[in-house]
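Numbering (our numbering), first residue to last: 696 to 830.
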């Protein structure tokens, strides 16, 4: 009897295919093949691609560098997803079927910045000083 869990770690195959999709997406975005006014001058970094367990959906986590409105960039990528999928297909020809693409804003850098700010706050510094004196 198999157990299905939504919190299951990705398989080696999911990680490998996700990296192949990430590389293909990066190539397409670097070449500037997507003709959209919102994406014309944007530099978009694809940090991670997570594959669904059945390999039919690839969720790409992107960060627009130097842009304040990440939502507009992500929306433009999702609006052009059919074109982008067609452009990455040759790089993924070894796959049985090319996965559907979804783009999401990667907020990990914002989370890291927030944690760093918390660790540098006077309250935490005071607690760390007190813990160091007890030893």
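Glycine included, C-beta positions come from ideal geometry on N, C-alpha and C.
Item to complete: Decide if the stretch 733-744 is in contact with the stretch 765-773; the criterion is three or more beta carbon pairs, one per stretch, under 8 Å apart.
Response: yes
Worksheet item: What residue ranges within the stretch 705-732 form continuous alpha helix (DSSP H) runs of no fewer than 4 residues, ordered along the chain?
Response: 707-726
Item to complete: Just the C-alpha distance for residue 746 and residue 815, rounded to the nearest angstrom, thanks.
Response: Sequence index remark: in the chain shown, residue 746 carries index 51 (1-based). Sequence index remark: in the chain shown, residue 815 carries index 120 (1-based). When rounded, the distance between both Cα atoms is 36 Å.
Discussion item. Can you give me the C-alpha to C-alpha distance between residue 762 and residue 724, rounded to a whole angstrom?
Written reply: Working through the chain shown from its first residue, we reach residue 762 at position 67. Working through the chain shown from its first residue, we reach residue 724 at position 29. Cα to Cα, residue 762 sits roughly 15 Å from residue 724.
Practice prompt. Apply the 10 Å Cβ neighbour rule to residue 778 and answer buried if 16 or more other Cβ atoms are within range, or exposed otherwise.
Written response: Along the chain shown, read from residue 1 onward, the residue named residue 778 stands at position 83. Exposed is the call here.
Worksheet entry | Exposure label - residue 851; buried when at least 16 CB within 10 Å | It is not possible to answer for residue 851, since the shown part of the chain is limited to 696 through 830.
Discussion item. Helix, strand or coil for residue 734? Go by DSSP, reduced to three states.
Written reply: Position 39 of the chain shown, counted from the first residue, corresponds to residue 734. Three-state DSSP puts residue 734 in coil, outside helix and strand.
Worksheet entry | Cβ distance (whole Å) where residue 743 is taken to contact residue 822 below 8 Å | Within the chain shown, residue 743 is the residue found at index 48, counting from 1. Within the chain shown, residue 822 is the residue found at index 127, counting from 1. 33 Å between Cβ atoms; not a contact.
Practice prompt. Going by DSSP, name the residue or residues bridged to residue 800.
Written response: As a position in the chain shown, residue 800 is number 105, starting the count at 1. 757.
Practice prompt. For residue 793, collect the residues of the same chain with a Cβ closer than 8 Å to its Cβ; drop the 5 residues on either side in sequence, then sort them by chain order.
Written response: Here residue 793 refers to the residue found at position 98 when the chain shown is read from its first residue. These residues qualify, in order along the chain: 780, 783, 784 and 787.
Worksheet item: Taking just the CA atoms, how far does residue 805 sit from residue 811?
Response: Indexing the chain shown from 1 puts residue 811 at position 116. Indexing the chain shown from 1 puts residue 805 at position 110. Whole-angstrom Cα-Cα distance: 10 Å.
Worksheet item: Rounded to a whole number of angstroms, what is the C-alpha to C-alpha distance between residue 733 and residue 720?
Response: Position 38 of the chain shown, counting from 1, holds the residue named residue 733. Position 25 of the chain shown, counting from 1, holds the residue named residue 720. Answer to the nearest angstrom: the Cα atoms are 17 Å apart.
Worksheet item: Given residue 756, which residues of its chain have a CB within under 6 Å of its CB, disregarding the five upstream and five downstream residues?
Response: Here residue 756 refers to the residue found at position 61 of the chain shown. So the list reads 742, 743, 799 and 801, once near-sequence residues are dropped.
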